[in-house]
Amino acid sequence: MTKRLVVALVCVLFSVPTFAQRVRAVAPGGTPDAGDPLSGLSDQQRASFQAGHQQFAVRETVGTGLGPVFNGNSCVNCHDIPISGGGAPAFVTRIGAIIDGKFDPLTKFGGSVLQANGITGDTLTHRFQAEAPPPEATIVITRRSPALFGLGLVEATPDSTFADLVRQGELRGDGTAGRVNMVDNVVTGTQSGGKFGWKAQIATLLECHVPTLQTGSNSSAAFDRVTYHPYSDFLLHDMGSLGDGIEQGSATGREMRTAPLWGVRFGNNKFLHDGRARTLEDAILKHDGQGLAARNRFQKLSQANRTKLVEFLRRL
Ligand code: HEC
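If you use this note's numbering, the sequence shown corresponds to residues 103 to 418, in order.
Structure representation (structure tokens):
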């Protein structure tokens with residue numbers, strides 16, 4: 103990855119990206135396949151999608167500026183299942199430490215995202231070591247790369263929608279209300295969904311995985327009041343023991359943003375933020391904190407209904 107790309111990635115992960123900076127990807131509407139541009143894009147938007155798509159797949163070399171340390175030489179190293187723009191069972195290591203009671207991302211040691219490779223070609227005078235967790239790091243965790251499909255629609259969804267979801271969660275009064283992440287400021291609404299005629303069950307089991315959202319009014323037809331199905335509220339939730347200790351923006355070490363379930367069928371037997379679950383059932387059973395009640399409800403389902411739920415998820 104070139105420095106430019108590293109910077110781009112770091113921006114994506116750690117700053118407040120402007121709408122234009124964020125990666126645009128796919129989604130429903132005219133129901134394009136994962137990885138395809140939305141239908142209804144203007145010629146200009148389509149051209150910029152294609153340009154971004156190409157840049158995403160470029161493999162950088164030392165000649166084009168890769169290194170001296172890096173994680174990958176192309177976005178598709180880690181975002182290509184089932185195709186460019188997807189996720190992968192690829193991981194980055196993140197580090198941190200609690201110093202004087204506060205989270206420190208250990209930036210001076212290369213944190214919070216470590217660069218797992220260094221340029222080591224034979225012709226080089228210097229060899230660059232991959233970064234490794236320093237002894238100062240008391241938090242060393244991995245994160246799996248998520249699919250990026252559909253993020254353009256999430257971005258085109260008004261913040262008020264997500265604020266409404268927070269309020270709806272508070273009204274539920276069952277301790278599962280989420281919080282808007284002040285870094286991403288991405289959020290979400292509620293409706294039931296499901297293909298097996300047991301929508302109510304899904305809705306109560308998966309209250310944070312909100313099935314349906316709608317973008318706001320937009321001058322571009324492709325983003326104008328599009329109904330889409332991310333199965334996420336994009337809110338932060340206290341996940342108890344599932345939290346991995348990394349703090350980011352306003353997110354505490356126990357909080358995680360609800361993972362969207364669209365595209366979970368591409369999960370490649372590695373689920374949850376660090377791929378610790380090998381099956382969807384296992385992923386549900388590893389929920390804790392605000393996800394614990396849903397997990398308990400899942401456990402109480404009959405085997406037949408559990409199987410139905412998992413079959414449903416496999417089609418998202
Ligand atoms: C070495 C593997 C790797 C490479 C290479 C990589 N990513 Fe990622 N990407 C990840 C991981 C892992 C995460 C999740 C990080 C986390 O949760 O802390 C991620 C997260 C993201 C997200 C946030 C998605 C979301 O829903 O919050 C975006 C956007 C993204 N990557 C875009 C890119 C782009 C653009 C490139 C190329 C410049 C790139 N990535 C290269 C592994 C990678």
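Every residue, glycine too, gets a C-beta built ideally from N, C-alpha and C.
Given 8 angstroms, three or more beta-carbon pairs between the region 310-324 and the region 130-146: With the cut-off at 8 angstroms, the region 310-324 and the region 130-146 touch.
Could you tell me if the beta carbon of H375 falls within a distance shorter than 7 angstroms of some heavy atom in the ligand HEC? Numbered from its first residue, the sequence shown carries residue 375 at position 273. Taking non-hydrogen atoms of the ligand HEC into account, the C-beta of H375 is found less than 7 angstroms away from one of them.
So what's N407 in DSSP terms, helix, strand or just coil? Mapped onto the sequence shown, residue 407 falls at position 305. Three-state DSSP puts N407 in a helix.
Name the DSSP bridge partner or partners of N219? For the purposes of this step, residue 219 is identified with residue 117 of the sequence shown, where counting begins at 1. In the DSSP assignment, N219 is bridged to F172.
Quick check on the DSSP output: the alpha helix (DSSP H) that includes H155 runs from which residue to which? Indexing the sequence shown from 1 puts residue 155 at position 53. For H155, the uninterrupted alpha helix (DSSP H) run begins and ends at 145-159, by DSSP.
4 or more residues per run - each alpha helix (DSSP H) lying fully within the region 304-386: None, since the region 304-386 contains no complete alpha helix (DSSP H) of that length.
For R359 versus L338, is the C-beta spacing smaller than 8 angstroms? As a first step, residue 359 is located in the sequence shown; it is residue number 257 there, counting from the start. As a first step, residue 338 is located in the sequence shown; it is residue number 236 there, counting from the start. Yes, the Cβ-Cβ distance between R359 and L338 is below 8 angstroms.
Could you say which of G174, G167, G188 lies nearest to D135 if we only look at CA atoms? Locating residue 135 in the sequence shown gives position 33, counting from the first residue. The candidate whose alpha carbon is nearest that of D135 is G188.
Would you tell me roughly how many angstroms separate the C-alpha atoms of A232 and F172, rounded to the nearest one? Reading the sequence shown from its first residue, position 130 is the one you call residue 232. Reading the sequence shown from its first residue, position 70 is the one you call residue 172. The alpha-carbon atoms of A232 and F172 are separated by roughly 8 angstroms.
Taking all protein chains shown into account, do 16 or more other C-beta atoms lie within 10 angstroms of the C-beta of A385, making it buried, or fewer, making it exposed? The residue you call residue 385 lines up with position 283 of the sequence shown. With at least 16 other beta carbons inside 10 angstroms of its own, A385 counts as buried.
Leaving out the 5 sequence neighbours to the left and right, which residues in its chain are closer than 7 angstroms to P260 when beta-carbon positions are compared? The sequence position of residue 260 within the sequence shown is 158, counting from 1. Take P260, set aside five residues on each side of it, and the residues of its chain with a beta-carbon closer than 7 angstroms to its own are G318, in chain order.
Separation of T263 from N499, as counted between CA atoms: Within the shown structure, residues of the chain are numbered from 103 to 418, placing residue 499 beyond reach of any answer.
Going along the chain, which residues of its own chain have a beta-carbon closer than 8 angstroms to the beta-carbon of K210, five neighbours each way excluded? Here residue 210 is taken as the residue at index 108 of the sequence shown, counted from 1. There are no such residues.
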